[in-house]
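S.K.:
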Amino acid sequence: MKVLVINAGSSSLKYQLIQMEDESVLAKGICERIGMENGIFSYKSHTGFKLEKTVEMKNHEAAFHLVAEALEDPEHGVVNSLSEISAIGHRVVQGADLFMESCLVTDEVLEGIRKCARLAPLHNLAHIEGITACQKVFGKEIPEVVVFDTGFHATMPKKAYMYAIPYAYYEKYSIRRYGFHGTSHRYVSEQCIHMLGDPEHSKIITCHLGNGSSITAVKDGKCIDTTMGLTPLDGFMMGTRSGSLDPSIVTFLQQEENLSAKEMDTVLNKKSGLLGISGISSDDRDVTKAEEEGNERAILAHEMLQYQIEKYIGGFIVALGGCDAIVFTAGIGENHVGHREKICEALSFLGVDLDKEKNQQMVGGKGGEITKPGSKIKVFVIPTNEELMIARETKALCEA
401 MKVLVINAGS SSLKYQLIQM EDESVLAKGI CERIGMENGI FSYKSHTGFK
451 LEKTVEMKNH EAAFHLVAEA LEDPEHGVVN SLSEISAIGH RVVQGADLFM
501 ESCLVTDEVL EGIRKCARLA PLHNLAHIEG ITACQKVFGK EIPEVVVFDT
551 GFHATMPKKA YMYAIPYAYY EKYSIRRYGF HGTSHRYVSE QCIHMLGDPE
601 HSKIITCHLG NGSSITAVKD GKCIDTTMGL TPLDGFMMGT RSGSLDPSIV
651 TFLQQEENLS AKEMDTVLNK KSGLLGISGI SSDDRDVTKA EEEGNERAIL
701 AHEMLQYQIE KYIGGFIVAL GGCDAIVFTA GIGENHVGHR EKICEALSFL
751 GVDLDKEKNQ QMVGGKGGEI TKPGSKIKVF VIPTNEELMI ARETKALCEA
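Numbering (the numbering used here), first residue to last: 401 to 800.
(1) Use the C-beta contact count for E656: other C-beta atoms within 10 angstroms, 16 or more gives buried, fewer gives exposed.
(2) Taking the alpha carbon of F636 as the point to measure from, which residue in K662, S602 and M704 has its own alpha carbon closest?
(3) Can you tell me whether V781 is helix, strand or coil according to DSSP?
(4) Give me the residue from Y563, K622 and S678 with the minimum Cα distance to D634.
(5) For I743, which three-state DSSP category applies?
(6) Are G673 and T640 touching if we call contact CB-CB under 7 Å?
(7) In terms of alpha-carbon separation, which member of A796, I624 and E745 lies closest to V718?
(8) Please return the same chain residues whose Cβ sits closer than 8 Å to the Cβ of S660, not counting the five positions on each side in sequence.
(9) Can you have a look at H594 and say buried or exposed, based on whether 16 or more other CB atoms are within 10 angstroms of its CB?
(10) Over what stretch of residues does the alpha helix (DSSP H) that includes T794 continue unbroken?
(11) Give the straight-line distance between the Cα atoms of E475 and T583, rounded to the nearest whole angstrom.
(12) According to DSSP, is K572 helix, strand or coil?
(13) Check whether the Cβ atoms of Y587 and N785 sit closer than 7 Å, and answer yes or no.
(14) Could you check where the beta strand (DSSP E) with Y415 kicks off and where it finishes?
(15) In terms of residues, what are the limits of the beta strand (DSSP E) holding G429?
(16) Give the DSSP-derived three-state secondary structure of E475 in the structure shown.
(17) Where does the unbroken alpha helix (DSSP H) through G676 begin, and where does it stop?
(18) Check this for me: beta carbons of L519 and A496, under 7 Å apart or not?
(19) Could you give the uninterrupted runs of the beta strand (DSSP E) lying entirely in the stretch 532-567, keeping only those of 3 residues or more?
(20) For E437, which of T454, G448 and E421 has the nearest alpha-carbon?
(21) Report yes or no: do three or more beta-carbon pairs, one from the stretch 744-757 and one from the stretch 546-558, lie closer than 8 Å?
(22) Ends of the alpha helix (DSSP H) at S681?
(23) Nearest CA to the CA of K756: which residue from K711, I726 and R740?
(24) Would you mind working out which of R576, F464, D507 and A517 sits nearest K536, comparing C-alpha positions?
(25) Would F728 and C607 be called neighbours here (beta carbons separated by less than 7 Å)?
(26) Kindly list the residues whose CB is nearer than 6 Å to the CB of H581, restricted to its own chain and excluding five residues on each side of it in sequence; keep chain order.
(27) Considering only DSSP beta bridges, list what L504 is partnered with.
(28) For D646, tell me which candidate among T626, E663, Q419 and L668 has the shortest Cα-Cα distance.
(29) Given a cut-off of 7 Å, decide if G610 and A698 are closer than it, judged by their beta-carbon atoms.
(30) Determine the closest residue to P543 out of Y573, I488 and G512, with distance taken between C-alpha atoms.
(31) Check whether the Cβ atoms of I770 and V781 lie closer than 7 Å to each other.
(32) Report, in whole angstroms, the separation of the C-beta atoms of A533 and N459, which I expect to be a contact under 8 Å.
(33) Which class does L482 belong to by DSSP, given the choice of helix, strand or coil?
In structure tokens:
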């Protein structure tokens, strides 16, 4: 069974064709600058063939035609016909309270995704465009599945997802905590449960640390709390996002700086976080370089980030009633040795006994345990694989 995984953005389209029998990647690539000048199409097959070319892609449909042509190419393609593709899985950011789990694409489902777009307008509308374009190119005979970032967090209890604002706003606008990065948290938590060897009894904290970051408390394989909220802005500081703050700061700055709601949103989502504190970059690698050179604001930015992560982990240990394991994943989580060391040292009083040599080795896609054999709380680095998680969900739903 071959599953094509799609992640469509407003001007981009990532794709990956996976052979489900051994979960190997047959081909993958990205369409960038869709609808703009100098679009970029890239393709890489499992044979090692690579292609990157500048090409005009007027819309998502044009991009999908390029994907289809590359997959079927007589010389470097990986299928003889598109009919070899058994199913297509799409990532959708926001399912709100309409979609608590993955589902087959229908007209009713597309309309539901559109309704959820008010909570994620930039993402969901792009997903709809991607799904409809995909149907036109690949045909409606191939079943398509939508997998929601919010789906894994649907098991949160009401006490965890409600905000203490007038209840009427929840009823009227569905304002509540939804959480994101769900496919990543699910993938790495399942991998961790397998490593622990007890699928029915586990208390795990997964830390997805990248330019966008979130932490999730997972009990017996199900999410009970997470840091991101109604939007990905909630939680701890990220590359350009502020994370949680005193709500009065928003109204204060709007008044003092004469900012509109849209301008304030830009400040919090695109000018804050590591970029806002360091004044250098939203890229943690740049901030790390500045920290090593003694830049005080870069040092402060990392101290703040580590401190906030430590606090959330501590709070989630309470929420879980203990902790068997902590997982670091995503770009920063998988590669920043220093962050992991500082965070683990802060948690040493809880029984985290870091093996510094193992920690140093876990970079560049490597995964494994980084604590010593006697550590009361185990710590793992587990490279995430959201595309594979989407493919597995798609396969399971189509077979069911």
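No residue lacks a Cβ here, since even glycine has one placed at the ideal position from N, Cα and C.
M.R.: On the basis of the coordinates in this document:
(1) exposed
(2) M704
(3) strand
(4) Y563
(5) Three-state result, I743: helix.
(6) yes
(7) I624
(8) The answer, listed in chain order, is Q654.
(9) H594 counts as exposed, since fewer than 16 other beta carbons sit within 10 angstroms of its beta carbon.
(10) E786 to E799
(11) 34 Å
(12) Helix.
(13) yes
(14) Residue range S412 to Q419 is occupied by the beta strand (DSSP E) that includes Y415.
(15) S424 to E432
(16) coil
(17) In the DSSP assignment, G676 falls within the alpha helix (DSSP H) that extends over G673 to S678.
(18) yes
(19) 544-548
(20) Looking at the Cα atoms, T454 is the closest of the given residues.
(21) no
(22) For S681, no alpha helix (DSSP H) encloses it, and the DSSP letter there is neither H nor E.
(23) R740
(24) Selected option, being the one with the closest Cα: F464.
(25) Contact check for F728 against C607 passes: the beta carbons are separated by less than 7 Å.
(26) H608 and S614
(27) V545
(28) Ranking the options by Cα distance to D646, first place goes to L668.
(29) no
(30) I488
(31) Closer than 7 Å, so yes.
(32) 7 Å
(33) When secondary structure is reduced to three states using DSSP, L482 falls in the helix class.
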